[in-house]
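Participant: Here this note's numbering is used: the sequence shown runs in plain steps of one and ends on residue 500.
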Amino acid sequence: MYFIDLRATGIGGIAAEEASVYWEDGSIRTPGDFARDVQSKDIVLATHGFNVNREHGRDSLTYWSERCNLPSGYVLVGMLWPGDSAFFPILDYPVEGLEAIKSGKVLAGFLNQYATGAQSLSLVSHSLGARMVLQALDGLDQGTRRLILMAGAIEDDCLVNEYAGAAGKAQQIYVIASKEDWVLKFAFPIGNPVGQIIMHGHPYFRAAIGRAGPASFDARTRLWQIPEGWDYGHLDYLPSDRTGPQLPPPLARPGDNDPTPTPSTEGWKPSWSAGAVSTQVA
219 MYFIDLRATG IGGIAAEEAS VYWEDGSIRT PGDFARDVQS KDIVLATHGF NVNREHGRDS
279 LTYWSERCNL PSGYVLVGML WPGDSAFFPI LDYPVEGLEA IKSGKVLAGF LNQYATGAQS
339 LSLVSHSLGA RMVLQALDGL DQGTRRLILM AGAIEDDCLV NEYAGAAGKA QQIYVIASKE
399 DWVLKFAFPI GNPVGQIIMH GHPYFRAAIG RAGPASFDAR TRLWQIPEGW DYGHLDYLPS
459 DRTGPQLPPP LARPGDNDPT PTPSTEGWKP SWSAGAVSTQ VA
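(1) In angstroms with no decimal places, state the Cα-to-Cα distance between residue 391 and residue 438.
(2) Along the beta strand (DSSP E) that carries residue 439, what are the first and last residues, could you check?
(3) Just checking, does the stretch 373-381 make contact with the stretch 327-344 on the three C-beta pairs under 8 Å criterion?
(4) Using three-state DSSP, classify residue 265 as helix, strand or coil.
(5) Could you check what DSSP says for residue 364 in three-state terms: helix, strand or coil?
(6) Determine the direct distance from the alpha carbon of residue 297 to that of residue 350, and round the result to whole angstroms.
(7) Would residue 381 and residue 346 be called neighbours here (beta carbons separated by less than 7 Å)?
(8) On the DSSP bridge list, what partners appear for residue 496?
(9) With C-beta atoms as the reference, is residue 354 less than 7 Å away from residue 385?
(10) Can you tell me whether DSSP reads residue 328 as helix, strand or coil?
(11) Give the range of the beta strand (DSSP E) segment to which residue 502 is assigned.
(12) How big is the Cα-Cα spacing for residue 319 and residue 396?
(13) Output needed for residue 371: all residues of its chain with C-beta closer than 7 Å, excluding positions within five of it in sequence on either side, in chain order.
(14) Taking just the CA atoms, how far does residue 494 sit from residue 331?
(15) Would residue 283 and residue 294 be called neighbours here (beta carbons separated by less than 7 Å)?
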């Protein structure tokens, strides 16, 4: 599994001036290696969210990739960006939005140069990583096949307002959301107005797209609303270890009253998100 590293340091919220690439075991690869290895492949680029250092991000994306069952010809690539919380997470969140934007611009430059030979690109994010991938998509010379936002810690109208141009480059958009996400219910409304002041001079409360989905839809947008009975929280999308079942695609979009997929199996929640994303990118 390749990683595109957008961090200047292993810990701390500073974005690098240019991306670097390496293999999951830490061995260094060149951008030329990456360009050769993704030639004619369908690339799925997945990233973590806020308050995650390099090691944590690399591990969680590696464990999550092991639960994905992508079709033949698809390659999963992890993306590491500096969303670390330097202070109390709710207070530090607005500043990290700026780092997400800078990281997205660096990522777009890298992909425009070294992913031109790929068959297609799909972007997958968790939490505040949504802002990073939307910023990257905004700067891409080519569009993306799928845009998938899990627990998006970004405004619910972002696809029709701030990032309408980026969203227009996606052939299909999936939003995976949970009303049981207490981080987005409580922390997002506190930090968000401050972030808007810093980034846009726009101090309005907005709901997060990762709780109840987009404020509005078009024909390309699909919402996978996780049933409240699943008790699916903000940190349940990506795993912290290798414990968990395989839930291979295709998975059906859940209904409001659907039972949990494997109620007695530890680690099923990140396995479900991996199966859902694998279903959506196909």
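All C-beta atoms, glycine included, are put in the ideal place defined by N, C-alpha and C.
Facilitator: So, from the listed chains and residues:
(1) Locating residue 391 in the sequence shown gives position 173, counting from the first residue. Locating residue 438 in the sequence shown gives position 220, counting from the first residue. Each residue's alpha carbon lies about 6 Å from the other.
(2) Indexing the sequence shown from 1 puts residue 439 at position 221. Taken as a continuous stretch (DSSP letters only), the beta strand (DSSP E) holding residue 439 covers 439-444.
(3) no
(4) For this step, residue 265 is matched to residue 47 along the sequence shown. Three-state DSSP puts residue 265 in a strand.
(5) Position 146 of the sequence shown, counting from 1, holds the residue named residue 364. Strand.
(6) Here the question's residue 350 lines up with position 132 in the sequence shown. Here the question's residue 297 lines up with position 79 in the sequence shown. Computed Cα separation, rounded: 10 Å.
(7) Locating residue 381 in the sequence shown gives position 163, where the first residue counts as 1. Locating residue 346 in the sequence shown gives position 128, where the first residue counts as 1. No, the pair does not count as a contact, with Cβ atoms beyond the cut-off.
(8) On the sequence shown, residue 496 is found 278 positions in, with the first residue counted as 1. For residue 496, which the question treats as bridged, DSSP gives no partner whatsoever.
(9) The count along the sequence shown starts at 1 and reaches residue 354 at position 136. The count along the sequence shown starts at 1 and reaches residue 385 at position 167. No.
(10) The sequence position of residue 328 within the sequence shown is 110, counting from 1. Reduced to three states, the DSSP call for residue 328 is helix.
(11) The shown model of the chain, from 219 to 500, leaves out residue 502, and the question about it has no answer.
(12) The residue you call residue 319 lines up with position 101 of the sequence shown. The residue you call residue 396 lines up with position 178 of the sequence shown. Near 25 Å, if we compare the C-alpha coordinates of residue 396 and residue 319.
(13) For this step, residue 371 is matched to residue 153 along the sequence shown. For residue 371, where only same-chain residues beyond five positions count, the Cβ hits under 7 Å are 267, 268, 345, 346, 348, 402, 406, 426 and 428.
(14) Numbered from 1 along the sequence shown, position 113 holds the residue referred to as residue 331. Numbered from 1 along the sequence shown, position 276 holds the residue referred to as residue 494. When rounded, the distance between both Cα atoms is 30 Å.
(15) Indexing the sequence shown from 1 puts residue 283 at position 65. Indexing the sequence shown from 1 puts residue 294 at position 76. In contact: residue 283 and residue 294 (Cβ atoms closer than 7 Å).
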